[in-house]
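Asker: Below you will find the structure I want to go over with you.
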Amino acid sequence: MEQVATIEEPLISIYVFTAIVYAVLIVAESLLPRRDPGNTLIWRWTNNFSIGILSWYLSAVVGTWMLIWATQADLLSNYRLSDYFGNRPVQGFLALLVISQLVSYWFHRAFHRFSWLWPLHAVHHADTEFDVSTSYRHHPLEPLVSLPVMVPIVLLLGVNAESAFSYRLFAVAATLFSHSNIRIHQSLERPLRRVFLTPDFHRIHHCSEQQYTDSNFGSLVPWFDYLFGTARHRPAEDQPHMELGLEYLREPRECRLDRQLLMPLSVPRAINQHQEP
1 MEQVATIEEP LISIYVFTAI VYAVLIVAES LLPRRDPGNT LIWRWTNNFS
51 IGILSWYLSA VVGTWMLIWA TQADLLSNYR LSDYFGNRPV QGFLALLVIS
101 QLVSYWFHRA FHRFSWLWPL HAVHHADTEF DVSTSYRHHP LEPLVSLPVM
151 VPIVLLLGVN AESAFSYRLF AVAATLFSHS NIRIHQSLER PLRRVFLTPD
201 FHRIHHCSEQ QYTDSNFGSL VPWFDYLFGT ARHRPAEDQP HMELGLEYLR
251 EPRECRLDRQ LLMPLSVPRA INQHQEP
């Protein structure tokens, strides 16, 4: 019980931090919108936030208990790098960022490449608008695919709690920021997108045209898109008007929570119907 309480404390801090960043970005979106938010804002937010609660809660619970179980079972203890990273929080944070993002990049590409994984990830891409609420729109089962790989990475690196906590805060802020409907001046956005995942860079990944959907796979940073040649850009004037979402799931009802939860079952049929002459 002591171990659970120790883990619950930083989790609560992360939830509070998430709420603060979310609120700041909502204000920024209203003051500096990149695109017209449309007339279904509250409807979308309600449904996106609802599935986000389910997804984040499930991944937090499963991920936490996987770490507890692995620690108690002393798994991978002979292979951990804790002697190096355990007392070096900055190096531990950077190592966790680089390695986890490299793995996440290839996981993301796999979700787009393999037809048996895509229906889960399609829930995120089916949003026909793009704002901070889109970051919550993930099917609850999607994180369960990557957790069995990501948890061992944390264990093998042997980073201390400070590094892991700092990484989580950065991940929350970067994820929410990259999905925000915020207008950033191009003189700042161009250099910024080389280092951080900017909304304009990531919004291209949410374009309905597949050539753009299958690009810009970075989830927190764009480094590996530039390294592996999957970074794509579009003229700044395209951003306010380009079609977002998926070509074969355009109905407003697809935003409903129940439709999102069942979407992995309907995606293959929707694709087939869309491809029929």
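Quick note: the sequence shown, position 134, residue 134 per UniProt numbering, numbers continuous.
Idealized CB from N, CA, C, for every residue including glycine.
Out of Phe93, Trp116 and Gln275, point me to the one whose CA is closest to Arg160's CA.
Answerer: Checking the sequence shown, residue 160 turns out to be Asn, not Arg. Comparing Cα-Cα distances from Asn160 to each of Phe93, Trp116 and Gln275, the minimum goes to Phe93.
Asker: Considering only the beta carbon of each residue, do Met197 and Asn47 sit closer than 8 Å?
Answerer: The sequence as given places Leu at residue 197; Met does not occur at that position. Going by C-beta atoms, Leu197 is not nearer than 8 Å to Asn47.
Asker: If you drop the 5 nearest sequence neighbours on each side, which residues of the same chain put their C-beta closer than 7 Å to that of residue 278?
Answerer: Residue 278 lies beyond the stretch modelled for the chain, which goes from 1 to 277, so this question has no answer here.
Asker: Alpha carbon to alpha carbon, how far is Ile12 from Ile271? Give it in angstroms, no decimals.
Answerer: Approximately 40 Å between the Cα atoms of the pair.
Asker: Let me check one thing: in DSSP terms, what residues is residue 317 bridge-paired to?
Answerer: In the structure as shown, the chain begins at 1 and stops at 277. Residue 317 is therefore absent and cannot be evaluated.
Asker: Among the candidates Ala19, Pro37 and Arg44, whose CA atom is the shortest distance from the CA of Glu254?
Answerer: Comparing Cα-Cα distances from Glu254 to each of Ala19, Pro37 and Arg44, the minimum goes to Arg44.
Asker: To the nearest angstrom, how far is it from the Cα of residue 288 to the Cα of Arg250?
Answerer: Look at the range of the chain in this structure, 1 to 277, and you will see that residue 288 is not part of it.
Asker: Determine the closest residue to Phe165 out of Thr64, Arg269, Pro268 and Glu142, with distance taken between C-alpha atoms.
Answerer: Among Thr64, Arg269, Pro268 and Glu142, the Cα nearest to that of Phe165 is on Thr64.
Asker: Determine contact between the stretch 226-246 and the stretch 200-211, defined as no fewer than three beta-carbon pairs at a distance below 8 Å.
Answerer: Because the criterion of three Cβ pairs below 8 Å is met, the stretch 226-246 and the stretch 200-211 touch.
Asker: State the Cα-Cα distance for the pair Phe17 and Asp225, rounded to the nearest angstrom.
Answerer: Approximately 28 Å between the Cα atoms of the pair.
Asker: Residues in its own chain within less than 6 Å of Tyr136 by CB, not counting five upstream and five downstream?
Answerer: Counting only Cβ-Cβ distances below 6 Å, and skipping sequence neighbours, we find Asn48, Phe49 and Gly52.
Asker: Looking at Ser215 and Leu244, is the spacing between their C-beta atoms short of 8 Å?
Answerer: No, these two residues do not count as a Cβ contact at 8 Å.
Asker: Check the DSSP bridge columns for Ile182 and list the partner residues they point to.
Answerer: Partner(s): Pro33.
Asker: With DSSP run on the structure shown, which of helix, strand or coil describes Leu261?
Answerer: Three-state result, Leu261: helix.
Asker: Figure out for me which residue from Pro268, Leu157 and Leu54 has the closest Cα to the Cα of Val90.
Answerer: Ranking the options by Cα distance to Val90, first place goes to Leu157.
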